[in-house]
Structure formats: structure tokens, C-alpha cells
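Asker:
Number of protein chains: 2
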Amino acid sequence: MALQVYNSMTRTKEVFTPIHAPYVGMYVCGPTVSGESHLGHARPYVTFDIVYRYLQELGYKVRYVRNITDAGHFEEEGKEAEDKVGGKAKLERLEPMELVQKYTNLFHDAMDALGNLRPSIEPTATGHIPEQIAMIQDMIAKGLAYESNGSVYFEVRRYAETEKYGQLSGRVLEEMIAGSRELDGQQEKRDPADFALWKKAPAEHIMRWNSPWGEGFPGWHIECSAMATKYLGKHFDIHGGGMDLQFPHHESEIAQSTVCNGCAPVKYWMHNNMITVNGKKMGKSYNNTITLRELFSGAHALLEKAYSPMTVRFLILQTHYRSTLDFSNEALQSAEKGLARLMSAANIMKTFVKGDATKIGTSATDVQIQKLIAECTQFMDDDFNTAMVLANLFEMASIAFVVKNLQLPTGEASEGALALMANTFERFVYGIFGLQESVQTSGSKMDDVMQVLMNIRKEARAKKDFATSDLIRNQLTEKGISIKDEKDGTVSWTINE
Amino acid sequence: MALQVYNSMTRTKEVFTPIHAPYVGMYVCGPTVSGESHLGHARPYVTFDIVYRYLQELGYKVRYVRNITDAGHFEEEGKEAEDKVGGKAKLERLEPMELVQKYTNLFHDAMDALGNLRPSIEPTATGHIPEQIAMIQDMIAKGLAYESNGSVYFEVRRYAETEKYGQLSGRVLEEMIAGSRELDGQQEKRDPADFALWKKAPAEHIMRWNSPWGEGFPGWHIECSAMATKYLGKHFDIHGGGMDLQFPHHESEIAQSTVCNGCAPVKYWMHNNMITVNGKKMGKSYNNTITLRELFSGAHALLEKAYSPMTVRFLILQTHYRSTLDFSNEALQSAEKGLARLMSAANIMKTFVKGDATKIGTSATDVQIQKLIAECTQFMDDDFNTAMVLANLFEMASIAFVVKNLQLPTGEASEGALALMANTFERFVYGIFGLQESVQTSGSKMDDVMQVLMNIRKEARAKKDFATSDLIRNQLTEKGISIKDEKDGTVSWTINE
């Protein structure tokens, strides 16, 4: 069976056939770094990290481009008035790029913590102003964009005369006008459906660039057309993002790229579904926007405790990416337990891996193991069904526990079947799913183990077994750890280096 | 005493007076990310991290800008020929920005590991093409630059007629011509001293942008003028970098900015001195270029072992930044020991901090402590003399060890003096010097301690002391750690989570 991908454009699962195999080009809409990353950022980037990992597992050479949106309205709330006072030295004024840097760093830290591989290229909107201007000039030259009062707009109805507009989101033009976010600049547009390619910068706007239409900044959609074309070409394989981006962002992107490049830009459009928090849409009005830092530290009124990034990753993988996903304490705590069980099984599996994989029997367990293994690939090939794969990994985990506890008749699980199972398990858990043992664990465990050791030493001394207590001290010294008996009877320890 | 900074331009120490106190603008030349970060990158960024930290300690609001040079000749060696074949799809061709991303990530990882705070803004050369083009146009309009065959050059002799050129590096024009790196394009220049502002892109050059002079890419020096002006203003406080950048890079930067902005750009020029490896200049011809990854992992023929990033940081701080610094196994191992001693003292100091700082006596030790504390600030104020501060911190450490071992007469070191000392010690070690306990240590130490515990268990079993061996197993189980006796006589252990 070959990989099948659900294409949001055709609304069907299609066999994945790259345009220039073995190369695959994938563009995913990155974050807008005008604020801190929140729960809503975890899902799309874990989802497309899995796509990235699995495509590489299948042998493709993937160029994964994920942008940073750092142009537009980037000013800290409340700070605007005081900072925009003219006449101040540059250094005393707010600098939007400082905020961009701060939120980009936080985003990167969160992505690393979640175990997402870094994209091949992470281009910024501000880093591609000339490319965006060039595309806008091209659209004006082709008669599909017009300048109005220093801003430039895309003429949607004109485009819709010859091309399909709204196919991806399944909307008709009139609906789209009603759903448009752009409230300002309406009087400058020829038609309410038109969207901005370039915005004239008001006097107080700090972020601004020279352009053929005066000082301004790019519209929201043009950056993705410019950067995808620059790094992946006019026609590339996969474009990903959250479902909420289908309109107006992706529709606009398609229109822009089609005009400039003479062809539809994307072969497979992929969209992850939305998240909810305790069943409600996340949003300011609900007071339920949880940042990733809050989630990882537990510092939010809605959280009963801190949840590790790996717990969050695991929870995301438990639901197929095209279904909605609800974040709740219950779901997170259940994911935490599930992850712990999986990791516990992973440690047992390590002892199986060395087995001779050719020695497979015909017992019911051996047959079951082979079925479970084959299905993992089938599930992934079926539009990246991580939830189904996880179910199989849990069945494998159960087998591992049973084997470890010697609860199976001899020969029921053959050396070869166990080795194959362990290999598959590790490949999926660590490689394709990118799950890891929580790093923090070993820090506190070190304290735990030292405490056990000190208990044993105390026992020995109580029994006047000074040979043992000295042995403990000497061996620790050898390892570079000093222990000291405190006056209150406790023992403190320090790592010497 | 006020902070004094050695100004490379005036060759004297000057009292530091920010242009717009309490704001301070600092620009430091960042890495060229066409290759992996090496030893030579550790020193300047640790040096200016200390400057950044100390200025903040003094209460200044610092905007620290450190650029990423990602424009120019960015192609993987050996790959050029095959990848530049025309007619290939974009995705099949080499993309320089993929290399840029890879080496930028590695640079960031190394900087984080070295404990350097992240700069306020980290702008890229490719992200400021319009700003660079605008400055070049300005220089042409002012008659100090000219276009020649699609490239643009700065007319050095013309500039030198009215402005001082060579003041920073102390060179006269004729020397500078001889020392110039630019071998190509000589026939296009009006004078050999002229340097490139914009280079015409040859047909095979992948990185290229439109400009008023055709497709090309910016010269090496213009990006820093453009980005420093954009984020810090026409005249800012500190410009830092390695001494090797004085000419031609910083001289050119001064000339460009002076022409465009009508004033010298920088109040205080700061330059760190060079490093050597085993007494030799680092370079390809000596086969002694050690990347930071190699240094941290020990994977280089010249390294006897791995050195932690904190060891490297400590070694850098042990030498004043304006002296040369030699990296050798001896020096690194001695730094490792020094750092361990300091961290050991830091742990003892933690018990002193709580003391009542008003209870200071007049004993010799109390007087000595107060002198050591006062000097720390004096040394830092004397052009960031971290080496001298470290000497004082070691004297404080000695006092801490003596106090801990009860080797002082009662009252000789008062509660208050020890509290003050501990506060100063922690402020410098962790805050101003940014030193940390090595994180990796505890990982391998965990293995060490488990091994000690397993040795004790083995001893117990050999003596048929099963009470002890059971106690060990049970206590570990309680802590969530399973142990398993392997067939080969070893014991494996797993954390159950």
C-alpha cells in the first residue's frame, strides 16, 4: 500500500506521488510572532513534524519550509501611545523587532521542547520584502492588482472570471466578503472582496519599507506566496496549516501564486483540525488562552498541574489530525499515564531488540505480533493515522509486559517476533513519533538514588558494618561525589565537578 | 568609581557615559553562517555577553543587536558543480538558505550551551536588502560611491580627502590596499583601495536580489551599517567584535555610516583579542580548527577529552578580553578544575546567604572579605577585568572552605561578612559571569551512583546478606526504578517513570 494523503482541495484521499521524487517540497504556515506561542501552536507543528518525519522514513528528501510572520502590526499593547512620540532617539523608542526576537525565541524553545525537528528553512516575512514587492508589481502588470492611495489590492472578481476562487474553502464569493477580516481600507477598494497586497503605513507605524507605492508594509498573504515560490518553486508538493487558514489566507495565496506563476501552487493541501479547551473554542473572550510556557509549568488557573511537552505531544498524536482535539486536565493526565506506559514498555523492548529476527514461529502471539507490525505502516499510510498506530503500540506494550513477567508459555512469543516487534516499536515511538523520555526525570531520580544509597550506608553503620559504609564513601569519591554527615543526622552530597 | 571602557578608537580607557542614559545601544558583529561555529566564535560572544550582563547589572537598559551574516557566497564545498546545472527543478537544486538555517541553528545551540544571553535583536543580512540598497543609493548620490559593470564600489580616497580613514586600525591607506581581501573586481575599481558595496551576481550565483544595478548581492560591510543604523540610530554607544575585524570591516563600516548619516556611528569601539590553539593561530593550514561541537564532545584529534561549555566559558573569563588567549588541553583541564572549585564553593555559600548582613565585625577576615567584595566591582569597572574578579572569587572560595571546615577561631568571620560575601559571590558567578552547574553532569553521575549501589548489592549478596540486597531493590522500586539481573552477571536498571 502506498501513502495516501487527504487533499483538502479535492476533499479525497489521494495516493501521494511527489512532483520530483525523491524530492518533496513542503510549506507550512508558521506563527505570527506578535505574541507568545499558545496551545493552538502545538497542534499544527506537531502534526506536520510527523508528516516530515514519516516522509523521510519513506526515503523522500524533504525540504520543509516553515515561515515566521514578523511583519505587520507588531507593537506591545499599551506601549504604543508613549513610544510613538516623535522626536525621541531611536534607542528610546519601542522597536518591534525586539518583540519579534523575544517571541521567536520563545516559539523555538517550545518547538524544541515538543520534540519537533527544525524545518529546513525558516524564512521571515521581513526578510523577503523585495520578493514580495516584485510579485505585487507582477500582479499589477498583469492587471489583477491595483494601487489605491498608497496601498495595493488584489482584484478578486477579475481573477474569479477566469480562475476558480474559493475552491479550497468551499465558499462562494459573497460568503467570503462577509467573512473577510479586513475592515479598514474598504473605501479604497474597488470591491469588498479585494484583499490587500501592500498597505500604506500610517504615520505612527514603526515597521515600514520603501516601495513603488510609497512607505508601507506587506499584506498578510503575500509573504507565503513569495517564500514558497522562492524556496520550493512554482508548483510544489504539500502545503500545510490549520483549517482556520483556508480562508482567507490560503485562498489568497492560491490566487496570488496562480497569477504570478501561471499555475496552481500546491499539489496536496493538508489542514489540521482545530483544538478546544474544556470543550470550548480557545479565545480571549473565554479567558482560556493557555500559553505553552503556562502549560509546561502549570501556571494557569485552568491547569491542575504542569504537563510535560512530551505529554502534550502524546495527546496530540492520540487524535487523528483531521478531528478536533480537546485539551482538558483529564485528557492531559490520561495522556501522561499513556506515555509513561509506552516508555516503560520501550525500556523492556530494549532487551528484545538483540534477538535474531529470522527466528519467527507460528504461535498465535507470533501471528498477532506480525499483524500489529504490518498495520502500523498501513495506518500511517492511511493519511498519517497516528491514533490507530498508538493503539497498536499499546497492544505491543501489553505483549512486552506479559513476556517480561514470564506469563507466556515457552515459545509462545518467539525471539524473532519479539525482536521485530521491538524494532518496530522503537522506530515508531522514537523515530516517527519523536517521543522521548522526559529529561527532567533523571535529575530528581539522582536525588532518589542517592537517598537509597545513604539509607543503606546508615543501616550498615547501625550494624557496625563499617566496611560497607566506607566502601560506599570511597566508591562515591572515586566517581567524584563527596558526602558529608550533617549535624542533624542527614547526609548531604555534592558533585565535585 | 565609574565604569571605564577601553575605546579602540582613542586607544585609551574612557569613562562610560551613554549617549541617551539609561539606554545603551550595543552592536556586535555576529557570525557568518556559511560554516559551523568554532573556537573562534566562543570568545567574542562570551566577552560581549559579559558586557551586556554587566551593563544591565549597572541599571542600564541595553538594546543588544548581534547580526547573522547570511548573504554572500553560501554554498557547500564540492556541491557547487553538480547543483548549479541549469534546467533542474528548484527543489532539486542546492538552496543556500538550507545551509544558512543549519549553521544558524548550530550557532544558536552553541551560544545557549555557553550560557550567553540571547541578544535583543538578531537581524540577518538577507533580511535587510532594501535598507542596504537605500544606503548605497545615498552614497552614490553623495558622490562617494560609483557603479561599475553592475557592481558598486565605495571611493575610499575621495572619502579620505575630508574624513579620517584608518583611524581605528591605525593603518595608512597604502598598507590597507596591501591588506585588502578583495582580489576580484580589481579591474572594475577606480582605485585598489575601494571596497565593494554591491556585487553583480555571476550567472551561477544562487543568492541574488534585484537592485538598481541589476541582480546581485550586498558587499560584506554594508549590512552592519544598515542594521546598526536601523535598530540603534545614527550614533550609538558600543560597537564590538574581534580585533581581526578592525580592518577592513569596521573601517569600511565607519566610512559608510559617516557618509550616510553625517556623523561617526560609534562612541566606544570594543575589540576582543585573538585566540590561539596550542600556541598557534587557528587556521586550515594548521589543521587546528576545532568546532564548538567537537570541543564539547571531545571529537577532535587535538583534544584529550570533551570539555563542557561552562569550562570553555570559564577559561575565556580567566583572561582579560584584550589579551590573547590560548586553548590547550592543559588550560582547559585547569579551567575545569577551577570551575569545579568555584561551584563547590558556591554550594557552601548557599548556607551563608541567609545570615544577617548588618552583623559585620572588625576581624582581619571580615576586613579582608569587605576588601575582596569592593574590589570585584572595581575590577569590573576597570574595562571588564573578569580575570581579576575571578582571582578574588577564588579567595572568597578559600574563606568559604576554611569556614566550612571549622578552621577559623569563633567570630573571626562574622555572620554579616559571610552573608555579604556569599551574596557577592553568587551575583558574580551566576549573574554577571553567567556560570552554571553543568547539566550533563547529573546524567552520567546517575549511572555512576547506580553502579556504586549495584556494587554494594553485589557485595551484600556475596556475603549472603540478603536483607541488604532486598532493601536496595525495594527502596529503588519505591522510587520507581527497576533493576534486573542479567545473565552475564551485570545488573541493568530502568526508570519506570
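Chains as they are written, first to last, in our numbering: chain A, 29 to 525; chain B, 29 to 525. From the three backbone atoms N, C-alpha and C, an ideal C-beta is built for every residue, glycine too.
Using 8 Å as the limit for Cβ to Cβ distance, is A/Glu1 near chain B?
Answerer: With chain A covering 29 to 525 only, the question about residue 1 of chain A has no answer from this structure.
Asker: Hey, B/Lys486 and A/Val480 are a contact pair by Cβ (cut 8 Å); roughly how many whole angstroms apart?
Answerer: Going by Cβ atoms, the distance from B/Lys486 to A/Val480 rounds to 15 Å, so no, they are not a contact pair.
Asker: Could you give the distance in angstroms between the alpha-carbon of A/Gln195 and the alpha-carbon of A/Gln274?
Answerer: The alpha-carbon atoms of A/Gln195 and A/Gln274 are separated by roughly 10 Å.
Asker: Taking a contact to mean a Cβ-Cβ separation below 8 Å, would you say A/Asn95 touches A/Glu279 in this structure?
Answerer: Taking 8 Å as the Cβ cut-off, A/Asn95 and A/Glu279 do not qualify as a contacting pair.
Asker: For B/Gly53, which residues in chain A fall below 7 Å Cβ to Cβ?
Answerer: Leu119, listed in chain order.
Asker: I'd like to check one pair, B/Ala30 with B/Asp409: are the Cβ atoms closer than 8 Å?
Answerer: Yes; because the gap between Cβ atoms is below 8 Å, this pair is in contact.
Asker: Hey, B/Gly444 and B/Gly383: beta-carbon distance below 8 Å or not?
Answerer: Yes.
Asker: Could you give the DSSP three-state label for B/Lys41: helix, strand or coil?
Answerer: The answer is strand: DSSP assigns B/Lys41 an E or B state.
Asker: Kindly indicate which three-state DSSP category A/Val519 falls into: helix, strand or coil?
Answerer: In this structure, A/Val519 counts as strand in the three-state DSSP scheme.
Asker: Please tell me whether B/Arg341 and B/Val56 are closer than 8 Å, where the distance is taken between their beta carbons.
Answerer: Taking 8 Å as the Cβ cut-off, B/Arg341 and B/Val56 do not qualify as a contacting pair.
Asker: Quick one: give me the first and last residue of the alpha helix (DSSP H) that A/Ser362 is part of.
Answerer: Counting along the chain, the alpha helix (DSSP H) containing A/Ser362 begins and ends at Asn357 to Met377.
Asker: Have a look at the DSSP bridge pairing and note the partners of B/Met416.
Answerer: Partner(s): none; B/Met416 has no beta bridge.
Asker: With three or more beta-carbon pairs closer than 8 Å as the criterion, would you say the region 304-324 of chain A touches the region 345-361 of chain A?
Answerer: Taking 8 Å as the limit for Cβ pairs, the verdict is that the region 345-361 of chain A does touch the region 304-324 of chain A.
Asker: Roughly how many angstroms lie between the CA atoms of B/Asn300 and B/Arg350, to the nearest whole one?
Answerer: Approximately 5 Å between the Cα atoms of the pair.
Asker: Note down, one range per segment and in chain order, each beta strand (DSSP E) of at least 3 residues found wholly within the region 256-310 of chain B.
Answerer: The qualifying runs are 264-270, 294-300 and 303-305.
Asker: Looking at chain B, is there any beta carbon in it that lies within less than 8 Å of the beta carbon of A/Glu110?
Answerer: Residue confidence is low: A/Glu110 scores 46 on pLDDT, short of 50, so the model does not pin down where it sits. Its coordinate-derived value is still stated next. No, its Cβ sits nowhere closer than 8 Å to a Cβ of chain B.
Asker: Measure the CB-CB distance between A/His328 and A/Asn413 and report whether it falls below 8 Å.
Answerer: Cβ distance not < 8 Å, so A/His328 and A/Asn413 don't count as in contact.
Asker: Going by beta carbon distance, what residues of the same chain come within less than 7 Å of B/Thr339, once the five residues before and after it are set aside?
Answerer: The residues are Leu360, Ala363, Glu364 and Leu367.
Asker: Using beta carbons (cut-off 8 Å, strictly below), is B/Leu142 in contact with chain A?
Answerer: No, because no Cβ of chain A sits closer than 8 Å to the Cβ of B/Leu142.
Asker: Considering only DSSP beta bridges, list what B/Ile149 is partnered with.
Answerer: Paired residue(s): B/Val93.
Asker: Label A/Ser313 either buried or exposed according to how many other C-beta atoms from any shown protein chain fall within 10 Å of its C-beta, with 16 as the threshold for buried.
Answerer: Exposed, since its Cβ has fewer than 16 Cβ neighbours within 10 Å.
Asker: Looking at chain A, is there any beta carbon in it that lies within less than 8 Å of the beta carbon of B/Ile460?
Answerer: Answer no: the Cβ-Cβ gap between B/Ile460 and chain A never drops below 8 Å.
Asker: Would you mind telling me which residues of chain B sit closer than 8 Å to A/Arg91, beta carbon to beta carbon, in chain order?
Answerer: Result: Leu119, Glu123 and Glu126.
Asker: Does the beta carbon of B/Glu105 come closer than 8 Å to any beta carbon on chain A?
Answerer: For B/Glu105, the predicted model reports a pLDDT of 45, less than 50, meaning its position is unreliable and no value from the coordinates is stated.
Asker: Would you identify the three-state DSSP class for B/Phe223, choosing helix, strand or coil?
Answerer: Looking at B/Phe223 - three-state DSSP - the assignment turns out to be strand.
Asker: What are the residues that DSSP puts in a beta bridge with B/Phe245?
Answerer: B/Phe245 is bridged to B/Lys227.
Asker: Who are the Cβ neighbours of A/Glu175 in its own chain at under 6 Å, not counting the five residues just before and after it?
Answerer: Cβ neighbours of A/Glu175 beyond the five flanking positions: Trp241.
Asker: Any idea if A/Asp475 is buried or exposed, counting beta-carbon neighbours within 10 angstroms, 16 or more meaning buried?
Answerer: With fewer than 16 Cβ atoms within 10 Å of its Cβ, A/Asp475 is classed as exposed.
Asker: Does the beta carbon of A/Gln129 come closer than 8 Å to any beta carbon on chain B?
Answerer: Yes, because at least one Cβ of chain B sits closer than 8 Å to the Cβ of A/Gln129.
Asker: Can you check whether the C-beta of B/Val457 is within less than 8 Å of a C-beta belonging to chain A?
Answerer: It does not; no Cβ of chain A falls within 8 Å.
Asker: So the beta strand (DSSP E) B/Gln32 belongs to, where does it begin and stop?
Answerer: Unbroken beta strand (DSSP E) run through B/Gln32: Gln32 to Asn35.
Asker: Just the chain B side, please: which residues come within less than 8 Å of A/Leu260 by C-beta, in chain order?
Answerer: Within 8 Å Cβ-Cβ: Lys118 and Leu119.
Asker: Taking Cβ positions only, does A/Ser148 come closer than 8 Å to chain B?
Answerer: With 8 Å as the cut-off, A/Ser148 counts as an interface residue toward chain B.
Asker: Buried or exposed: which applies to B/Glu189, given that a residue is buried once 16 or more other Cβ atoms fall within 10 Å of its Cβ?
Answerer: The residue in question, B/Glu189, is exposed, as its Cβ has fewer than 16 Cβ neighbours within 10 Å.
Asker: Nearest chain B C-beta to A/Lys295 closer than 8 Å, yes or no?
Answerer: For A/Lys295, the answer is no, since every Cβ of chain B falls outside 8 Å of its Cβ.
Asker: Would you mind reading off the limits of the beta strand (DSSP E) that contains B/Ser179?
Answerer: First-last of the beta strand (DSSP E) with B/Ser179: Ser179 to Phe182.
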